[in-house]
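In the UniProt record's numbering, the protein residues as written are 1 to 859.
The beta carbon of each residue, even a glycine, is placed where N, CA and C say it ideally should be.
Everything on this sheet refers to the single structure shown next.
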């Protein structure tokens, strides 16, 4: 029987890991050219047969391991090889901070790229995608494997080329939006992506859990209704909380009371606010949400006179993203900023259904075990904990709970002051920009220097530098969120990065910030040898065209770099030893998050690679988690204990209550995601059918068959209706008009159904042949262009209208539960009828347009 307490996945895969290391030992003797040849050799062994991929794991992983060593000087540990094996088996590898997840992803990425279908490594932001792709390009240059990169700024024309690469680094949002755009393309040459094969998701919990609550939407603009937003804002400012409306912070919703409804009706001079023809309720609710639930410097910032969303999970700004259904416009009205046009949904998909399109899917993160059930139920991925290379010895101290928020922040500021005095590096995690700036002001009062990392543009530009310094003595770092930062905090500082910063800053100062360009790459190649150019590009990231004029011989610069690096290594090691004697990095949490994972991400910044470290959370009863989900138990306990406001409590009961509150929140948001998934699953099947039809039309060179098929379906549907309605004459007239044929109605009426169908099918073909001859005379190939245009135009129009109807249906279907009906089953039934109606509408409209079109070509 398996002893779960002593279970170590390393033991299960020991044989394969030993094989990898054995082959790697041989590959170490290979020249660079011979190592490069490994890629073609392995591709030939596979010969596009996916079923044989497991048989080449040892050799492929050993090859990638050697390329990593030659590219970085780092030799992958056995636990990293294990991580790669777990990822290749469609699982989630839970690896703690500092265990080298970035390098681990390269192993299964290289193995699966040998199939030739393209591998996607998906990250949470452009910074990580760009940083990781630079590293991968350097490593895979030893293996003749091309690396692509797609960020928000990647030009449309370059994207297809990047998607064709063996391995492509991309953010989750860019991947989703490109997928939706591809399925709105009007020519097959506009399609960017290949079929999805294998994806490795970095920070998998952030993408598949945190971001899964919000679907990806591509919008088109509609008319601007300034007046509605402005009037709704005025009304919302006059309404009073609790009296006129109730705030449901848990579900981020506002409910008007009877008094509030009555006031709004008088203010807006309408008889019934909830009348189906009255537009006001949507604008009023959004105005109230903007006023109460969406706060500046927490949910959004103002930059260049625009409202820009702040990602609540990563603390980064999300340029180009807007809240839907008029909420963004209501916030613009609140902030007195120019109101942009409201959006209309053109295409949408949830992250759940987007990633389920992959044949193989895996992910990695430091914190996923708490959400294991969700990963298994929705994505069919197991979460496997990878042992750390060195044992984690961080101390997680009990939470300190204060009665008031004021005393909590005072205690945090005093703790920072104490740590600064002894020189112990401290990282403080805050939940919003506002809170991070509050603490920064308090530290200013105490004359304590600090680094501030939040979504404000002036701080974002210094992100890498701030994190590099966060592990140095006397360093106090305030950060809004550490998830997705992607850079380890190394005690004593990172000697490699510090050396690069010093050289770059020196060059910039010397040149007085002026860069002198060479005329061509050839000039540089004459002055510098290959090794030197390689050094400049990869170590200092200096571009060919931007090498400073003074650097006549880069070998001199290389010697300076090595000398400085060795000096900084000594200094950093000395400093690291001092910090370890002080207890290592001290992490302070200022609020428990709605999910235990986010707390663990913050804690995990301390105690990397066997370092000492400490973490502690400072909390107050006014924190959101206590207020919204904590219930009365905690309040009652604090009142019974009758403790001073400035005295904190450490209590097992309190900690249990907190954990219970967090579990409640996690369960609540899981239900929201599950419901979103179940409802989107209905539309997802419809989406697949529509996109499949669209793709078939796009790739077809002969669309006549599709038109004839649509027309025959339409004739059958109308004849079925004709029988249902007791042979109503008007339906036959509609068929004749639709097909644009000349027929004697009285003769048609005498036919039986079989003959009638045969007659209309024949007339359709005759009529269409005449149409084709007419259009071919005007311009050869015109009929095919016209067919494709009408088909795609009507499919897109019908689908967009269908999405809108489905959105309304989803919004109102919940009321059916009051009639003892299951809303999901009712939604499925209604959705089916809506889909059939849409298909019928598309077919009939296409046939009507193509059969009745009259084109005149001007000469």
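Check: What number of angstroms, rounded off, separates the C-alpha of residue 731 from the C-alpha of residue 718?
Finding: Numbered from its first residue, the chain shown carries residue 731 at position 731. Numbered from its first residue, the chain shown carries residue 718 at position 718. Approximately 7 Å, taken between the alpha carbons.
Next item on the list: Use the C-beta contact count for residue 376: other C-beta atoms within 10 angstroms, 16 or more gives buried, fewer gives exposed.
Entry: Locating residue 376 in the chain shown gives position 376, where the first residue counts as 1. When all chains shown are included, residue 376 counts as exposed.
Item checked: Extent of the continuous beta strand (DSSP E) to which residue 867 belongs -> The requested residue 867 does not occur in the structure, where the chain is confined to residues 1 to 859.
Note to self: For the segment 845-854 against the segment 786-797, do three or more pairs of beta-carbon atoms, one drawn from each stretch, fall closer than 8 Å, so that the two count as touching?
What the structure shows: yes
Notebook entry, point to check: With 16 other CB atoms within 10 Å as the buried threshold, where does residue 419 fall?
Noted result: In the chain shown, counting from the first residue as 1, residue 419 sits at position 419. With 16 or more other Cβ atoms within 10 Å, it is buried.
Check: Going by DSSP, what residues sit across from residue 402 in a beta bridge?
Finding: Within the chain shown, numbered from 1, the residue matching residue 402 stands at position 402. Residue 402 is bridged to 620.
Check: In whole angstroms, what is the alpha-carbon distance linking residue 820 and residue 838?
Finding: Counting from one through the chain shown, the residue named residue 820 turns up at place 820. Counting from one through the chain shown, the residue named residue 838 turns up at place 838. Cα to Cα, the separation comes out at about 29 Å.
Check: Skipping 5 residues on each side, what residues in its chain have a beta carbon closer than 6 Å to that of residue 830?
Finding: Stepping through the chain shown from its first residue, residue 830 is reached at position 830. Contacts found: 809.
Notebook entry, point to check: Can residue 138 and residue 199 be called in contact, C-beta distance under 8 Å?
Noted result: For the purposes of this step, residue 138 is identified with residue 138 of the chain shown, where counting begins at 1. For the purposes of this step, residue 199 is identified with residue 199 of the chain shown, where counting begins at 1. It is not a contact, given that the beta carbons lie outside the stated cut-off.
Check: What are the start and end residues of each continuous beta strand (DSSP E) run of 3 or more residues lying completely inside the segment 204-265, in chain order?
Finding: 216-221, 245-248, 253-256
Notebook entry, point to check: Where in the segment 391-437 do unbroken runs of the beta strand (DSSP E), each at least 3 residues long, occur, reported from the N-terminal end onward?
Noted result: 400-402, 426-429
Note to self: Using the three-state DSSP reduction, which class does residue 365 fall into: helix, strand or coil?
What the structure shows: In the chain shown, counting from the first residue as 1, residue 365 sits at position 365. DSSP places residue 365 in strand when its eight states are reduced to three.
Note to self: Check whether the segment 383-390 and the segment 398-407 touch, using three or more Cβ-Cβ pairs below 8 Å as the test.
What the structure shows: no
Next item on the list: With a threshold of 16 other CB atoms inside 10 Å of the CB of residue 54, please say whether the residue is buried or exposed.
Entry: Working through the chain shown from its first residue, we reach residue 54 at position 54. When all chains shown are included, residue 54 counts as exposed.
Check: Helix or strand or just coil, what does DSSP make of residue 13?
Finding: Indexing the chain shown from 1 puts residue 13 at position 13. Residue 13: coil per DSSP, three-state reduction.
Next item on the list: Quick one: give me the first and last residue of the alpha helix (DSSP H) that residue 60 is part of.
Entry: Counting from one through the chain shown, the residue named residue 60 turns up at place 60. Residues 57-72.
Item checked: For residue 451, three-class secondary structure by DSSP -> Taking the chain shown and counting its residues from 1, one reaches residue 451 at position 451. Residue state, collapsed to three classes: strand.
Notebook entry, point to check: Going straight from the alpha carbon of residue 299 to that of residue 331, what length do you get?
Noted result: The residue given as residue 299 occupies position 299 in the chain shown. The residue given as residue 331 occupies position 331 in the chain shown. Cα to Cα, the separation comes out at about 11 Å.
Next item on the list: Let me know the secondary structure DSSP gives residue 585 once reduced to three states.
Entry: For the purposes of this step, residue 585 is identified with residue 585 of the chain shown, where counting begins at 1. If DSSP states are grouped into helix, strand and coil, residue 585 belongs with the strands.
Item checked: Rounded distance between the beta-carbons of residue 256 and residue 244, thought under 8 Å -> Counting from 1 along the chain shown, the entry for residue 244 is found at position 244. Counting from 1 along the chain shown, the entry for residue 256 is found at position 256. Contact holds; Cβ gap of about 7 Å.
Check: Going by DSSP, which residues form a beta bridge with residue 730?
Finding: Here the question's residue 730 lines up with position 730 in the chain shown. Bridge partners of residue 730: none, in fact.
Notebook entry, point to check: alpha helix (DSSP H) containing residue 594: first to last residue?
Noted result: By 1-based counting over the chain shown, the position of residue 594 is 594. From DSSP, residue 594 is part of no alpha helix (DSSP H); its letter is neither H nor E.
Checklist line | Residue nearest to residue 181 in terms of C-alpha spacing, selected from 197, 166, 448, 160 | finding: As a working mapping, residue 181 is identified with position 181 in the chain shown. Minimum Cα distance to residue 181 is reached at 160.
Notebook entry, point to check: With burial defined as no fewer than 16 other Cβ atoms inside 10 Å of the residue's Cβ, what is the status of residue 720: buried or exposed?
Noted result: On the chain shown, residue 720 is found 720 positions in, with the first residue counted as 1. Exposed.
Next item on the list: Note down the Cα distance separating residue 407 from residue 446, rounded to an integer number of angstroms.
Entry: Here residue 407 corresponds to residue number 407 of the chain shown, with the count starting at 1. Here residue 446 corresponds to residue number 446 of the chain shown, with the count starting at 1. Distance between the alpha carbons of residue 407 and residue 446 is about 16 Å.
Next item on the list: Verify whether the separation of the beta carbon atoms of residue 82 and residue 13 is less than 8 Å.
Entry: The residue you call residue 82 lines up with position 82 of the chain shown. The residue you call residue 13 lines up with position 13 of the chain shown. Closer than 8 Å, so yes.
Checklist line | Rounded straight-line distance, which links the Cα of residue 118 to that of residue 197 | finding: Here residue 197 is taken as the residue at index 197 of the chain shown, counted from 1. Here residue 118 is taken as the residue at index 118 of the chain shown, counted from 1. C-alpha separation (whole angstroms): 7 Å.
Check: In whole angstroms, what is the alpha-carbon distance linking residue 750 and residue 725?
Finding: As a first step, residue 750 must be located in the chain shown, where it is residue number 750. As a first step, residue 725 must be located in the chain shown, where it is residue number 725. Distance between the alpha carbons of residue 750 and residue 725 is about 16 Å.
Margin query: Using 8 Å as the threshold, is the C-beta distance between residue 453 and residue 480 below it?
Written below: The sequence position of residue 453 within the chain shown is 453, counting from 1. The sequence position of residue 480 within the chain shown is 480, counting from 1. Taking 8 Å as the Cβ cut-off, residue 453 and residue 480 qualify as a contacting pair.
Notebook entry, point to check: Which residues does DSSP pair with residue 120 in a beta bridge?
Noted result: Numbered from 1 along the chain shown, position 120 holds the residue referred to as residue 120. Its beta-bridge partners are 168, 199.
Note to self: I need the boundaries of the alpha helix (DSSP H) containing residue 696, first residue and last residue.
What the structure shows: As a working mapping, residue 696 is identified with position 696 in the chain shown. 652-699 is the extent of the alpha helix (DSSP H) around residue 696.
Notebook entry, point to check: From the DSSP output, which residues share a beta bridge with residue 306?
Noted result: Numbered from its first residue, the chain shown carries residue 306 at position 306. Answer is 303, bridged to residue 306.
Note to self: Helix, strand or coil for residue 477? Go by DSSP, reduced to three states.
What the structure shows: Here the question's residue 477 lines up with position 477 in the chain shown. Strand at residue 477.
Next item on the list: Thinking residue 351 and residue 176 are a contact (beta carbons under 8 Å), I'd like their distance in whole angstroms, please.
Entry: Position 351 of the chain shown holds residue 351. Position 176 of the chain shown holds residue 176. Right, the Cβ-Cβ distance comes to about 7 Å (below 8 Å), so this counts as a contact.
Notebook entry, point to check: Cα separation between residue 113 and residue 723?
Noted result: As a first step, residue 113 must be located in the chain shown, where it is residue number 113. As a first step, residue 723 must be located in the chain shown, where it is residue number 723. Using only the alpha carbons, I get a separation of about 58 Å.
Item checked: Distance, residue 467 Cα to residue 402 Cα -> In the chain shown, residue 402 corresponds to position 402, counting from 1. In the chain shown, residue 467 corresponds to position 467, counting from 1. Cα-Cα distance, rounded: 30 Å.
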